[in-house]
Amino acid sequence: MPEIEKVDHFGAHTKTDPKEIALVRKLDIYMLPILWLMYFFNFLDRNAMVNGKLSSLTKDLNLKGTEYNTCVSILFVGYLCGQVPSNMILNRVRPSLYMAGFCMAWSIVSLLTYKAHDYKTMVICRFLLGITEAPFYPGALYMISMFYTRKEVATRMSIFYTGNMLASAFSGLIAAGVFAGLDGNRGLAGWQWLFIIQGALSIFVAGVAFFTLPDSPLQTRWLTPEERQLAHNRIFSDTTDRREGTSVIKGLREAAADWRTWVFCLMDNLHLSANGFKNFLPSVMKTLGYNTTITLAL
1 MPEIEKVDHF GAHTKTDPKE IALVRKLDIY MLPILWLMYF FNFLDRNAMV NGKLSSLTKD
61 LNLKGTEYNT CVSILFVGYL CGQVPSNMIL NRVRPSLYMA GFCMAWSIVS LLTYKAHDYK
121 TMVICRFLLG ITEAPFYPGA LYMISMFYTR KEVATRMSIF YTGNMLASAF SGLIAAGVFA
181 GLDGNRGLAG WQWLFIIQGA LSIFVAGVAF FTLPDSPLQT RWLTPEERQL AHNRIFSDTT
241 DRREGTSVIK GLREAAADWR TWVFCLMDNL HLSANGFKNF LPSVMKTLGY NTTITLAL
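Here the UniProt record's numbering is used: the first residue of the sequence shown is 1, the next is one more, and so on.
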């Protein structure tokens, strides 16, 4: 494997090689869309219960007091339990199978949530959903960083993140259509149909991901041998830190000793705190006197 002597320490490299331009375009066509779809359904499946509250979910499950709040928040307990070990495992397994496998897992959990019949079963479903969804976001960041240079990552991350934003924008509209058209169909409530439909679509996306997601620049089935080497070389030249591989524990210590890690933790906690209203906004809007369809559309 050829050694790349010139390192782009500042990430300022501008693409002029037609082959590199074509490679990046191919990455944008094959990899970004499936990651975007996975992120879109990652949010939809997580948010289904929030919209389901405007159907007959709380009544059907006989939720009382703070039980609904617990069902919503327990997902993030599962998220915490799943994300820390996932980050340690990710670079030891094939990312394509790992991420697609967990996408399939959370999709199945989401679909089967329609079978929940009381508080306990819903808590279990939400906890499992959190565990199975946890590996996706850090895994997607890891995968994007494996194929794009520092100069390219920001744009791709912005595109990727629109999956979350558009899911947030359209989740209410999707729920409104399902509740209006399928509530009571085949003896199932609207919230049950929402879990079934979104879970089934997520399963389809996971199936596509198994065949589309790459493992590394040198192990990507839809790149030619020449493109694989080029993909590897350009990331290698973009890497400023050439130290030998280190252990997970040592890497964890280094991250914990970096002040930027704690600044990021603070920023992320503030962001999550501000976003907490998403879990209760539909319910709050309903109290203003709008019917379910109008509330979800808003």
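C-beta: ideal position from N, C-alpha, C; glycine also. Quick caveat: nothing in here was measured; it's all calculated off a predicted structure.
Could you give the distance in angstroms between the alpha-carbon of residue i and the alpha-carbon of residue j?
i           : j       : result
Pro-225     : Leu-218 : 8 angstroms
Ile-144     : Ile-159 : 11 angstroms
residue 368 : Ala-256 : Residue 368 lies beyond the residue range present for the chain, which begins at 1 and ends at 298; the question has no answer from this structure.
Ala-140     : Pro-18  : 27 angstroms
Met-1       : Tyr-148 : Because Met-1 sits at a pLDDT of 42, beneath the cut-off of 50, its placement in the model cannot be relied upon, and the point is left open.
residue 300 : Leu-270 : Nothing can be reported for residue 300: it is not among the residues displayed for the chain, which extend from 1 to 298.
Lys-64      : Tyr-119 : 9 angstroms
Arg-186     : Trp-193 : 10 angstroms
Val-263     : Val-178 : 41 angstroms
Glu-20      : Lys-26  : 10 angstroms
Pro-95      : Met-157 : 18 angstroms
Arg-46      : Ser-171 : 10 angstroms
Gly-184     : Ser-55  : 11 angstroms
Leu-97      : Asp-258 : 31 angstroms
Pro-282     : Leu-252 : 39 angstroms
Per DSSP, which one or two residues make a beta bridge with residue i?
i       : result
Ser-216 : Gln-219
Cβ of residue i within 8 angstroms of Cβ of residue j?
i       : j       : result
Ala-200 : Leu-111 : yes
Met-49  : Cys-71  : yes
Ala-180 : Thr-293 : yes
Tyr-68  : Glu-133 : no
Ile-203 : Ser-107 : yes
Thr-239 : Arg-228 : no
Keeping to the same chain, check which residues put their C-beta closer than 7 angstroms to that of residue i; ignore five residues upstream and five downstream.
i       : result
Ala-169 : none
Thr-212 : Tyr-30, Ile-34
Thr-261 : Ala-255
Asn-164 : Tyr-39, Phe-43
Using a Cβ-Cβ cut-off of 6 angstroms (strictly less than) and excluding sequence neighbours within five positions of residue i, which residues of its own chain qualify?
i       : result
Cys-103 : Met-38, Ala-206, Ala-209
Ala-167 : Phe-40, Phe-43, Leu-44
Phe-136 : Asn-42
Residues in its own chain within less than 8 angstroms of residue i by CB, not counting five upstream and five downstream?
i       : result
Thr-162 : Trp-36
If contact is defined by three or more beta carbon pairs under 8 angstroms, each pair taking one atom from either stretch, is the region 127-141 in contact with the region 226-234? no
Hey, is the region 114-121 in contact with the region 87-95, meaning 3+ C-beta pairs nearer than 8 angstroms? no
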